[in-house]
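Structure, as structure tokens:
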Amino acid sequence: FRSRFAREVSAARRIRGGCTARLVAADLEADRPWFATQYVPGPSLHDKVAEEGPLAAAEVASIGAALSEGLVAVHEAGVVHRDLKPSN
109 FRSRFAREVS AARRIRGGCT ARLVAADLEA DRPWFATQYV PGPSLHDKVA
159 EEGPLAAAEV ASIGAALSEG LVAVHEAGVV HRDLKPSN
């Protein structure tokens with residue numbers, strides 16, 4: 109577990125991009141290893157749609173562009189995001 113977790117933290121440290129939450133701290137040696145990312149204010153996409161209903165085309169395009177930019181940064185760091193969904 110610890111070696112996989114260390115790889116995850118190392119990968120997170122390599123990610124650079126304005127549309128990603130940066131890793132701010134980690135402790136791989138703690139009894140329960142942990143890492144913390146930058147706080148990103150605002151609702152999840154799931155919550156926003158549930159509260160406001162369907163989004164306007166321009167907002168969908170803006171969100172899609174930001175998502176694409178974030179995924180490019182993630183992929184350039186050699187990471188594959190395996191849990192991309194509106195609730196996160």
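Under the numbering used here, the first residue of the sequence shown carries the number 109, and numbering increases by one thereafter.
Yeah, the Cβ is synthetic: ideal placement off N, Cα and C, and Gly gets one too.
Exercise. Comparing alpha-carbon positions, which option in Pro162, Ala164, Arg140, Ala129 lies nearest Tyr147?
Worked result: Position 39 of the sequence shown, counted from the first residue, corresponds to residue 147. Ranking Pro162, Ala164, Arg140, Ala129 by Cα distance to Tyr147 puts Ala129 first.
Exercise. Using DSSP with H/G/I as helix, E/B as strand and the rest coil, what is Leu153?
Worked result: If you number the sequence shown from 1, residue 153 lands on position 45. If DSSP states are grouped into helix, strand and coil, Leu153 belongs with the helices.
Exercise. So, using beta-carbon positions, are Val119 and Val187 closer together than 9 Å?
Worked result: Looking up residue 119 in the sequence shown gives position 11. Looking up residue 187 in the sequence shown gives position 79. Reading off the sequence shown, one finds Ala at residue 119, where the question assumed Val. Cβ atoms of Ala119 and Val187: closer than 9 Å.
For this session: Starting from Leu131, follow its DSSP beta bridges and name the residues at the other end.
Result: Taking the sequence shown and counting its residues from 1, one reaches residue 131 at position 23. Answer is Thr145, bridged to Leu131.
Exercise. With distances taken from CA atoms, which of Val117, Ile123, Arg110 is nearest His183?
Worked result: As a working note, residue 183 is residue 75 in the sequence shown. The option with the nearest alpha carbon to His183 is Ile123.
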